[in-house]
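Below you'll find the structure, written out as structure tokens, and then a few comments.
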DNA sequence: AATGAATGAGGATTCATTCAT
DNA sequence: GATGAATGAATCCTCATTCAT
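Residue numbers (my numbering), protein chains in the order written: chain A, 21 to 213; chain B, 21 to 213; chain C, 21 to 213; chain D, 21 to 213.
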């Protein structure tokens, strides 16, 4: 074990462990000790690097949003035409990275956290605004004035799919979830013409 | 003079207080004492009537689902034609009773609870199945084979709207939420023909 | 009906135990558990009744000051003539109740606490002002303009004696401490004439 | 190139930082990290040089006592006649070096420390004995048999003044504190004749 | 010489739950 | 029926201290 530059490694390990632990427990009732143990260190060290439980949670949340954002951005760059851009945004939410069981569980829990924690809400709001704005931009050429409304429904359906997935209901998986979203997109655009 | 028939009154008060308290806190991190205090009794009495915190939560969840179910059933009876039946089901989710701030917050939290509590998940599953089945029945005459798929999207969008409402995103309120749902219904049916 | 009226009993026991524990340890590094144990209850109950460690300390401090104040007032009422009044005030600080080892140790620690705790400082200031004012009133007829200055020295010497007593220096005990104070009073008055 | 002779510099920095930190906090609840940070080094190094927190405190205490002793000795050498010697001793306690806010705060805290730490008590006792003995020697020619008693009162009043100063009571400053002491000396000597 | 890394031990505080009355 | 009393079992967090580099 090297003696220097441990911080980023430890932080990453803790973030990863936090998501995993939330995934297993299915709630935020996770102790710092559990997280630290899973990350292979003492709880004291976890506190040392993050300052407190809340900040560990926020870091995990930030991580999930960052990864999501990165994938979405990457997909957008490669996308072809307006319709392709919307698809890219939608698909980004259901990649194997983002639509893993524990990540979805964490996601849902962060939504709940956002109700009581200002910091969490701020984070989520930023993400939401970006998603909404991306969707609207991509939809404008296809649906004109209706872009905003359609974006709202798409965004809500994405979250709805996450919610159902979190409960493993309907046997939703990457594929079917994406299908539902794309179907919605199709009929929205058809109706908009 | 012993008070008779206090039990149902106390239980109802506790259930109501639980929902209110979850609404205020925005999470399940609510103590039995808080709930009991709001319900105007000692926490010991709350335990006496419910046996434990988990059961208080379950009772509150059951209450919400029951009220929702009752309203939906009532609306269904009055509904006119297949399309009217679907509308009735959708509208039931956004009445002022069911779409109140604290109820929505509790709803979201119960979704989370369902991830860690088998009993909670069972409750939710029952409700989900009933909703799904009601929707499919109502949609069948209108959309044939596509009924199931459409029902899934409608159900997911309902939950998505709840989620966004819980975070006061998009300025979602009764009216706009219902509008979005009915719009989805419209275009789904148009596309199904 | 449950066991009633425990609160004052518990609080008194905790205050007493706090003083004793500070006396034994000689510092404020006393755990709530130690205090609670000595008082014959769980630390949880201590928290229940006082809300926190700080408030336990403040209550103990308040208790000491209250007892002191009561004795001083009592002695003042019985005192004969101006000189008698000054003596009464002085003697009150060195009764067997107030000049006990643990009380003196607690006293000293509260002085230190007052440096970091606003609440503690306020308490101490009130006591100090009352002592000063009592002394000045009693001294005025005897020393006129010099009353204030003399009072300051008397008060400082009282505290100095406490300090020395806390460290068992100079073999200070009730008797000698009082003697020193009265001697100071004598020569102050002689010089004031 | 290893830095040579860092040890005394580091130790001095730590001692200084300790006193400052105690002065700021107003208590001994100061962490080694705080001290080390203020001294511009890691807490590990502080341990390396002193072996432990207790020893850092003791070193700080020793430092204060040493400085005080040095000033007192210096003043004694220059003093003129018995009365001048007593004055010199008294004034030494209230020089701007010794009567600084943080030094006084540290002083008071060391008194408290002496109640629980044998080493601290020993240190303080040595200082006390030296002060007492110095005072008695100087007073003997002026007050004969009464020297010891007067010395006790003078010493106690000095500490009392420190205590009041620590709490910024009575608006005590160098000047007024010294005045009170010298007044006491005056009237003691007058009474002794 | 110097420090980042790491932890064990401990302490304040909270809370669901039980019990006697 | 109802509650004050009481606690054990966590849980977060802090900190002195050690160690490898």
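Glycine residues also receive a C-beta, built at the ideal position from the N, C-alpha and C atoms. In this text, all values refer to a predicted model and were calculated from it rather than measured experimentally.
Distance CB(residue i)-CB(residue j) smaller than 8 angstroms
| i | j | result |
| --- | --- | --- |
| residue 84/D | residue 123/D | yes |
| residue 52/A | residue 73/A | yes |
| residue 46/D | residue 148/C | no |
| residue 202/B | residue 55/B | no |
| residue 112/D | residue 118/D | yes |
| residue 133/B | residue 48/B | yes |
| residue 64/B | residue 34/B | no |
| residue 102/D | residue 158/D | yes |
| residue 176/A | residue 152/A | no |
| residue 179/A | residue 128/B | no |
| residue 197/C | residue 114/C | yes |
| residue 61/D | residue 30/D | yes |
| residue 209/A | residue 163/A | yes |
| residue 204/B | residue 106/B | no |
| residue 142/A | residue 212/A | no |
| residue 69/D | residue 27/D | yes |
| residue 187/D | residue 139/D | no |
| residue 160/D | residue 43/D | no |
Three-way DSSP call (helix, strand, coil) for residue i in this model
| i | result |
| --- | --- |
| residue 137/C | coil |
| residue 192/C | coil |
| residue 63/A | helix |
| residue 48/D | coil |
| residue 23/A | coil |
| residue 34/D | helix |
| residue 115/D | coil |
| residue 120/A | coil |
| residue 213/A | coil |
Limits of the alpha helix (DSSP H) - the one that residue i falls within
| i | result |
| --- | --- |
| residue 57/B | 52-58 |
| residue 85/A | 73-98 |
| residue 177/A | 167-186 |
Proximal chain A residues relative to residue i, where beta-carbon distance stays under 9 angstroms
| i | result |
| --- | --- |
| residue 129/B | 132 and 135 |
| residue 184/B | 148, 172, 175, 176 and 179 |
Per-residue contacts from residue i into chain C (C-beta, under 9 angstroms)
| i | result |
| --- | --- |
| residue 187/D | 131, 134, 135, 141, 144, 145 and 148 |
| residue 210/D | 207, 210 and 211 |
| residue 159/D | The contacting residues do not exist; residue 159/D stays about 14 angstroms from chain C at best. |
Within chain B, the residues that residue i reaches when beta carbons sit closer than 9 angstroms
| i | result |
| --- | --- |
| residue 98/A | Here the premise fails: no neighbours, minimum Cβ distance about 27 angstroms. |
| residue 56/A | Simply none; closest approach about 21 angstroms. |
Contact set between residue i and chain C, taken where Cβ atoms lie within less than 7 angstroms
| i | result |
| --- | --- |
| residue 181/D | 176 |
Contacts that residue i makes with chain A (C-beta to C-beta distance below 7 angstroms)
| i | result |
| --- | --- |
| residue 47/B | 132, 135 and 136 |
Partners in chain D for residue i, counting only beta-carbon separations shorter than 7 angstroms
| i | result |
| --- | --- |
| residue 204/C | 173 |
Proximal residues of chain B, C-beta to C-beta of residue i below 7 angstroms
| i | result |
| --- | --- |
| residue 125/A | 135 |
Residue i CB to nearest heavy atom of the ligand HEM below 7 angstroms
| i | result |
| --- | --- |
| residue 58/A | Among the components modelled here there is no ligand, and therefore nothing to report on the ligand HEM. |
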